[in-house]
Structures are given as structure tokens and as C-alpha cells.
Amino acid sequence: MVILEKDGAIARLILNRPRKHNALTFAEADLLTEKLHEAEADDDIKVIIIKGRGKSFSVGHDFEDVTRIFAPSGKDEKGNYRKLSQRERLQIDRRTAENYMAFQYSMKPVIAQVHGHCVGFGMYIAELVDLMICADDAKFSHAEQRLGLAGNTWHVGTLLLQYGPKKVREMMLFGSEFSGKEAERLGLANLSVPADQLEDTVEDWARRVALNPKDALVMGKAMHQVALDSLGMTQQFMRGYIGHTLGTQIKFEPGEFNFVRQKRDKGMKEAYRERDARFGEDPAAVVASARPDATEEAGADG
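Position 241 (the sequence shown) corresponds to 261 in our numbering; numbering is contiguous.
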């Protein structure tokens with residue numbers, strides 16, 4: 021589900037699960053990180069492009085995989101549903117944090133080429149890499165925050181630097197969608213271009229990055245990382261995985277929306293529809309990202 025192409029000084033990481041809008045299981049996210057490290061280790065490679073096949077960049081983690089792991093399952097001898105222990109949750113979340121850190125701390129520059137939906141895990145990558153170029157009609161959001169997170173995320177420090185405190189709170193509390201053009205205005209995207217110009221623009225930027233000496237690229241990135249580290253950008257991932265572990269165990273009061281329960285009782289499509297309708301926004305876009313056709317549920321964390 022993840023392809024690594026090498027072409028001279030340029031490597032391309034391609035998310036290859038188009039029928040599910042590149043929703044990734046935990047195993048596929050691990051594979052993506054492995055492929056990133058493989059590109060880093062190749063001395064011929066100077067710059068890495070990450071992009072997705074099909075209609076979207078990525079709609080996040082595969083929610084079927086998320087609920088399979090985190091939702092209560094099976095019953096103990098007393099008939100109660102078994103929940104993961106804290107240590108099991110922390111182990112899973114630490115590995116996920118390491119996947120995110122790999123993109124922020126990649127030794128070589130990474131460019132995200134974003135089209136279609138960019139949500140959850142996909143959004144985090146877009147925020148953590150060195151450069152991001154998107155299509156004008158790309159659709160960005162932190163809709164995963166509507167699952168009961170409301171700001172409990174992995175990389176709050178990065179978000180504060182990118183958007184500013186007030187905008188981050190808005191994005192985390194509402195999870196609203198915005199376009200590629202807006203992404204450029206907010207500082208998330210370096211550049212937003214018409215969709216038919218996206219690939220050529222990204223390839224041109226990659227070629228220009230590769231004009232720099234190999235040692236200079238790696239040392240320049242290392243200096244950037246030291247500066248980020250001085251601002252607590254490594255600690256944010258430790259806070260993030262502990263916070264996510266706590267977030268998977270929040271108590272929903274009567275009348276509060278519980279996505280996992282709705283999915284169990286009414287199915288994925290209806291759970292997404294109800295989640296987004298509560299915010300007074302058209303739910304079709306995110307539901308479509310989670311269901312690429314009428315017969316298959318992708319189950320994205322967006």
C-alpha cells in the first residue's frame with residue numbers, strides 16, 4: 021500500500037490505497053515510515069516527495085483498524101467487554117508518535133503533494149513536513165477532532181507555530197474544512213495551484229531543492245531540527261501519545277455524541293453523517309472520503 025520510487029536525486033513515497041482514499045492501517049503507517057527511512061539512507065537521494073494515488077492525498081488512519089484495536093472487544097469471565105490496558109494503549113500510541121516524528125525529523129527535505137481530501141494522519145504529515153504544495157480545490161480539516169478530542173492532538177506545538185493560538189483552538193474545536201487556497205493563506209501550504217499544475221509544480225520544486233549540495237541539505241535540516249527542539253517540538257510528541265491514550269478513554273455523558281457507539285449501532289456512513297451534521301456543515305464531503313463507493317466502507321479517522 022506504500023510505494024517508494026527513486027529517480028536520480030528525487031524519491032517519491034506514494035500512498036497506494038486509492039479505493040479507500042489512502043486511509044492507512046497502523047501497519048501501513050509503519051510501512052510508510054520504513055520507506056521514508058529507506059529513502060533517507062540512500063545517499064543518491066536529496067529530496068523526498070510524498071503523495072497519494074486516486075482522488076485524495078489521505079483521509080487518515082483506517083477507522084476500522086482504529087476501532088478494532090481501541091474499542092472494547094470480547095468479554096471477560098464476568099461478561100464485561102475487555103478494554104485495553106494503559107500499557108497496551110501507550111505502546112500503540114508511542115509507535116504512532118514515532119511515525120509522526122519521523123516526518124518532522126527526516127534527515128532530508130520532504131515535500132507533500134496534496135490533492136483531494138487531507139484529514140487526520142494525512143493532515144499531520146502535511147503540517148510536519150518541510151514543504152507542502154496543494155491543489156486549489158484540496159480539502160483540509162482536523163475533522164478527527166470531532167471524535168471526542170477537541171484539541172487533544174499529537175503536535176500542538178507545531179500547530180501553534182503554524183497557525184497561532186486562536187486559530188488552532190478554532191480548528192481543534194470545530195474541525196471545519198478549508199480549501200487549498202485557504203491553506204496557503206494560513207501558512208500551511210507554501211503554494212496552492214490549479215489541480216492540473218500540481219504535479220509539475222511539485223516536481224519543479226523538488227528539482228530546485230536538489231540543486232543544493234547533499235551535505236548542505238542534511239546540515240541545514242539538522243539546524244532546523246535543533247531550533248524546533250529548543251521550542252519543545254520533540255516533547256510535543258511525548259505529550260501527544262500520552263494525551264491520546266487518555267483521550268481514547270474519555271467518558272461520554274448522556275446525550276453526548278459517541279462516534280464508536282454510533283458506528284457500532286448504525287454503521288460507518290451514518291456515524292459520519294451524524295458527527296458532521298451536529299456542527300451544521302454538509303457531511304457529504306467527509307462521508308465521501310470515508311466511503312469511496314456505495315459498496316465499501318473505508319473508515320477513515322477524518
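Using N, Cα and C, we set each Cβ at its ideal position, and we do this for glycine too. Small disclaimer: the values here were computed from a predicted structure and weren't measured.
Given a cut-off of 8 Å, decide if residue j and residue i are closer than it, judged by their beta-carbon atoms.
i: Phe160; j: Ala203; result: yes
i: Thr268; j: Phe83; result: no
i: Leu251; j: Gly177; result: yes
i: Ser199; j: Asp156; result: yes
i: Gly136; j: Ala158; result: yes
i: Met127; j: Glu54; result: no
i: Gly207; j: Gln245; result: no
Which residue from the options puts its Cα closest to that of residue i?
i: Phe46; options: Ala117, Ala247, Glu290; result: Ala117
i: Ile70; options: Asp85, Leu237, Phe123; result: Phe123
i: Glu31; options: His135, Asp62, Arg39; result: Before going further, note that residue 31 is Ala rather than Glu in the sequence given. Residue Asp62 is the option with its Cα nearest to Ala31.
i: Gln106; options: Val229, Gly263, Met191, Val188; result: Gly263
i: Ala242; options: Tyr125, Arg205, Ala146; result: Tyr125
i: Val280; options: Ile65, Val86, Gly28, Lys40; result: Val86
i: Ser324; options: Lys186, Asp64, His41, Val246; result: Outside the modelled stretch of the chain, which goes from 21 to 322, sits residue 324, for which no answer is possible.
i: Asp64; options: Thr53, Lys26, Ser212, Glu54; result: Lys26
i: Ala29; options: Pro129, Gln111, Asp113, Val134; result: Pro129
i: Glu276; options: Arg298, Arg189, Tyr292; result: Arg298
i: Lys201; options: Val134, Tyr292, Glu294, Arg284; result: Val134
Quick one: what's got a C-beta closer than 7 Å to residue i's C-beta in the same chain, skipping five residues either side?
i: Tyr144; result: Tyr120, Trp174, His175
i: Ser196; result: Ser161, Glu301
i: Arg284; result: none
Apart from the five residues on each side of it in sequence, which residues of its chain come closer than 8 Å, Cβ to Cβ, to residue i?
i: Leu193; result: Gln165, Ala170, Gly171
i: Gly240; result: Asn232
i: His57; result: Ala122
i: Glu147; result: His175, Thr178, Leu179, Gln182, Leu208
Keeping to the same chain, check which residues put their C-beta closer than 6 Å to that of residue i; ignore five residues upstream and five downstream.
i: Ala49; result: Asn119
i: Met21; result: Asn36, Arg37, Glu48
i: Met258; result: none
i: Ile270; result: Gly168
i: Val238; result: Met127
i: Met191; result: His162
i: Arg88; result: none
i: Ala247; result: none
Expressed to the nearest angstrom, what Euclidean distance is found between the alpha-carbon atoms of residue i and residue j?
i: Ile131; j: Val67; result: 8 Å
i: Ala236; j: Leu180; result: 28 Å
i: Phe272; j: Leu151; result: 38 Å
i: Ile153; j: Ala209; result: 6 Å
i: Val306; j: Ile23; result: Because the pLDDT of Val306 is 45, which lies under 50, any placement of that residue in the model is unreliable, and the question is left without a value.
i: Asn278; j: Tyr261; result: 21 Å
i: Arg73; j: Ile34; result: 7 Å
i: Arg39; j: Lys289; result: 16 Å
i: Gly287; j: Arg205; result: 37 Å
i: Ser76; j: Leu51; result: 19 Å
i: Pro274; j: Gln282; result: 13 Å
i: Lys187; j: Val222; result: 27 Å
i: Gln111; j: Leu104; result: 11 Å
i: Arg114; j: Met253; result: 15 Å
i: Ala230; j: Asp220; result: 15 Å
i: Asp218; j: Asp224; result: It is Leu, not Asp, that sits at residue 218 in the sequence shown. Their backbone Cα atoms lie some 10 Å apart in a straight line.
i: Ser212; j: Arg109; result: 38 Å
i: Arg227; j: Val149; result: 17 Å
i: Ala314; j: Lys234; result: Because the pLDDT of Ala314 is 30, which lies under 50, any placement of that residue in the model is unreliable, and the number read from its coordinates should be weighed accordingly. The alpha-carbon atoms of Ala314 and Lys234 are separated by roughly 48 Å.
i: Tyr292; j: Gln255; result: 32 Å
i: Glu294; j: Arg189; result: 22 Å
Which runs of the beta strand (DSSP E) spanning at least 3 residues fall entirely within the stretch 207-293, listed in chain order?
Secondary structure in the stretch 207-293: the beta strand (DSSP E) runs of 3 residues or longer, each lying completely within the stretch, are 211-213 in chain order.
Complete beta strand (DSSP E) runs within the stretch 117-189 (minimum length 3 residues, chain order):
Runs found: 130-134, 137-139, 151-155, 159-161.
Unbroken stretches of the alpha helix (DSSP H), 4 residues or longer, contained in the stretch 21-62:
List check, alpha helix (DSSP H) in window: 46-61.
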